[in-house]
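As given, the protein sequences belong to chains A and B, one line each in that order.
Heads up, the first sequence stops at 175 in the numbering used here, and the numbers go up one at a time, no gaps.
Heads up, the second sequence stops at 175 in the numbering used here, and the numbers go up one at a time, no gaps.
Where is the CB? At the ideal position from N, CA and C, for every residue including glycine.
Note that the structure is a prediction, hence the values are computed from the model and not measured.
Accompanying notes for the structure given below.
There are 2 protein chains.
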Amino acid sequence: MGIREPLSEMACGLPHALDVMGERWSFLILRAAFNGLYHFEEFSQELGIARNILSNRLARMVENGVMVRTPCETDRRKVEYRLTEKGLGLLPAMLALRQWGERYTENFNTGLVLVDCRDGLPVQPITIRAHDGRELSWHELGWQTPDKVGQPVDRGSEAHSADKAPDKIENFG
Amino acid sequence: MGIREPLSEMACGLPHALDVMGERWSFLILRAAFNGLYHFEEFSQELGIARNILSNRLARMVENGVMVRTPCETDRRKVEYRLTEKGLGLLPAMLALRQWGERYTENFNTGLVLVDCRDGLPVQPITIRAHDGRELSWHELGWQTPDKVGQPVDRGSEAHSADKAPDKIENFG
DNA sequence: CAAGACTAGTTGCGAATCGCGACCTATAAA
DNA sequence: TTTATAGGTCGCGATTCGCAACTAGTCTTG
């Protein structure tokens, strides 16, 4: 990581997530892995990524526990890269990103729809939900200290009018 | 984007999403914006990012419709950067990434909990849900052509045993 | 109104990263 | 035994990043 310290600050999971997955190609490699690819040459051909970069990213994902690297039993030239449970855990994030990309790409060609295998019906758009399942928007969210969980949060009547902010009204991150 | 063509292939929203948000700092700037910051100097101080990079990223986000840039009425030295609806639409993706980062960061210090303002109860972990709300894992998902939506998908009995893959069994992306 | 301070940048330059092609090693197939 | 394949590494030019310094408008203060 060298000089990149600022990404590693604590109390927010985003820096760590970006540290692991924030480099160019990482998410596309992940997508390919979810696609069922697991050999070096497969990733290389599918993505058209430079070999040294691919090598670097795969090593990094292994190092960070997103993938495991195992020599192939039946053909010892080959190596298998497989998603770990931690890697599989990135599916909601990747899908949310994808859905966003699809929604806001004009003339997006809906070639294939992600569905529940069982009934072939499309999955829902990914949303943020309250404990009881209600869908929540940004304005309905707030931060609470662990000891005060269960107490309503006052967000200071929405700081979003110009020049009101004396300091951070609410802390979303 | 010059030579970066491979990211812009169609039929998948991820390349577009990464094109817009995949550069270093973009997601942290987004987080800061969700935090209620909207001035150049605020972002600069909060993130410790180089000024030229910040300038570049903000311009890019404006260009891509994630933020709008408006000169401040009351102090014309200042400029306001605000999230558009498109920008707000990134909240599920950002939160999914954050939750993943939190979950897999050891000794993660849970300083603040994201809650529903109304009752102060924590939001759910972000998941993928079927049309009827059932939570779905990777193994239960498949791709279907639009005209065949509603027909169950056979994923070829899970390609994930070594050396079976003659070709892509199922196409997750 | 003039002198300073503040905001939002831009510019230049060295350092780090990316992308391409060539090369290398171990294994498998002909 | 020769050739092909898989998974890399190495070197080098092009791009991007990070830092510090500088600039152009716009308040603010005396």
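For the options B:82, B:147 and B:145, the alpha carbon positioned closest to that of residue 40 of chain B is the one of B:82. If the five residues before and after residue 146 of chain A are omitted, its C-beta is found closer than 6 Å to the C-beta atoms of 155, all from its own chain and listed in chain order. The straight-line gap separating the alpha-carbon atoms of residue 24 of chain B and residue 24 of chain A is approximately 7 Å. Chain B places a beta carbon closer than 7 Å to that of residue 154 of chain A, counting this residue as a contact.
The CB of residue 110 of chain A comes closer than 9 Å to the CB of 12, 13, 15 and 18 in chain B, given here in chain order. Straight-line measurement puts the Cα of residue 69 of chain B at about 20 Å from the Cα of residue 77 of chain B. Look at the region 79-124 of chain B and you find these whole runs of alpha helix (DSSP H), each 4 residues long or longer: 87-90 and 93-105.
Residue 137 of chain A sits in a strand when the DSSP states are folded into three classes.
Taking a cut-off of 8 Å for Cβ pairs, the region 88-103 of chain A and the region 94-110 of chain B touch, as three or more such pairs fall below it. Nearest CB-CB separation between residue 60 of chain B and chain A: not below the 7 Å threshold. Membership of residue 70 of chain A in the beta strand (DSSP E) is indicated by the continuous run 69-73.
In the structure shown, residue 47 of chain B falls within a helical segment according to DSSP collapsed to helix, strand and coil. Taking C-alpha positions only, residue 87 of chain B is separated from residue 30 of chain B by approximately 18 Å. In this structure, residue 61 of chain B lies away from residue 102 of chain A, with their beta-carbon atoms at least 7 Å apart.
At a beta-carbon threshold of 9 Å, the residues of chain B lying near residue 105 of chain A are 15, 88 and 91, ordered along the chain.
The C-beta of residue 53 of chain A comes no closer than 7 Å to any C-beta of chain B. Taking each of B:109, B:93 and B:108 in turn and checking the Cα distance to residue 116 of chain B, the smallest one comes out for B:93. A direct Cα-to-Cα measurement between residue 71 of chain A and residue 80 of chain A gives close to 10 Å. With distances taken between CA atoms, residue 43 of chain A lies nearest to A:57 out of A:57, A:130 and A:33.
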